[in-house]
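Undergrad:
Protein chains in written order, with this note's numbering: chain A, 4 to 135; chain B, 90 to 154.
(1) Quick one: measure Cβ to Cβ for residue 112 of chain A and residue 96 of chain A, integer angstroms, because I've assumed they're closer than 8 Å.
(2) Considering only residues of the same chain and omitting the five flanking positions on each side of residue 89 of chain A, which have a CB-CB separation below 6 Å?
(3) Please confirm whether residue 111 of chain B has its beta-carbon closer than 9 Å to some beta-carbon of chain A.
(4) Consult DSSP for residue 124 of chain A and reduce its assignment to one of helix, strand or coil.
(5) Cβ of residue 53 of chain A within 9 Å of Cβ of residue 131 of chain B?
(6) Which term fits residue 116 of chain A, buried or exposed, when burial requires 16 or more other beta carbons within 10 angstroms of its beta carbon?
(7) Within the same chain, show all residues whose beta-carbon is closer than 6 Å to that of residue 31 of chain A, passing over the 5 residues directly before and after it, in chain order.
(8) If you drop the 5 nearest sequence neighbours on each side, which residues of the same chain put their C-beta closer than 8 Å to that of residue 94 of chain A?
(9) Apart from the five residues just before and just after residue 113 of chain B, which ones in its own chain have a Cβ nearer than 7 Å to its Cβ?
(10) Contact criterion: CB-CB distance below 9 Å. Does residue 120 of chain B meet it with respect to chain A?
(11) So the alpha helix (DSSP H) residue 65 of chain A belongs to, where does it begin and stop?
(12) In chain A, which residues lie less than 7 Å from residue 153 of chain B when you measure between Cβ atoms?
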């Protein structure tokens, strides 16, 4: 139990996709604002979009790897790809919202997409496990 | 703790199965940060990672019978 607690303490700060640490070391120049609340909203939205982008890329890569390893059929992989295309659309809209300084919309798009991708990740893993 | 153990723990604790696939992307961002990349560069890089991974998957699916 002591080791499990230690592991949790060690692991959570180190997981860049889900930690509260920002992915990028430097903020966007365009986020700079005399109003620090607006600046913080901008930075949070950028970070959420960046992490969701990497999550989408990771899931695309995982689908591709599993398809090439014949752990997923073409039709299964295509269905999962259609779902990551929905994520693409939402993240493109989120990125546009960032550029339009609509940070709450951008953050919401990133969070909705993250939830969608996490559910997809579990489905893919279950499908692969079922096929083995 | 060796990196493999750490990765397994991350998978279990976070319930995420794609950490192996995520690692090269995270490594690239870490390298970009270390090289002093701007916030704009990092945002553009993550967008490119998403689009390129989708394009590769689309190409592999299209090429398969």
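Built from N, CA and C at the ideal position, the CB exists for glycine as well.
TA: According to the structure data:
(1) At roughly 6 Å, the Cβ-Cβ gap stays under 8 Å, so residue 112 of chain A and residue 96 of chain A are in contact.
(2) none
(3) So yes, residue 111 of chain B belongs to the interface.
(4) helix
(5) For the 9 Å CB-CB criterion, residue 53 of chain A and residue 131 of chain B form a contact.
(6) buried
(7) 49
(8) 52, 55, 56, 59, 112, 113 and 116
(9) none
(10) no
(11) 39 to 71
(12) 77
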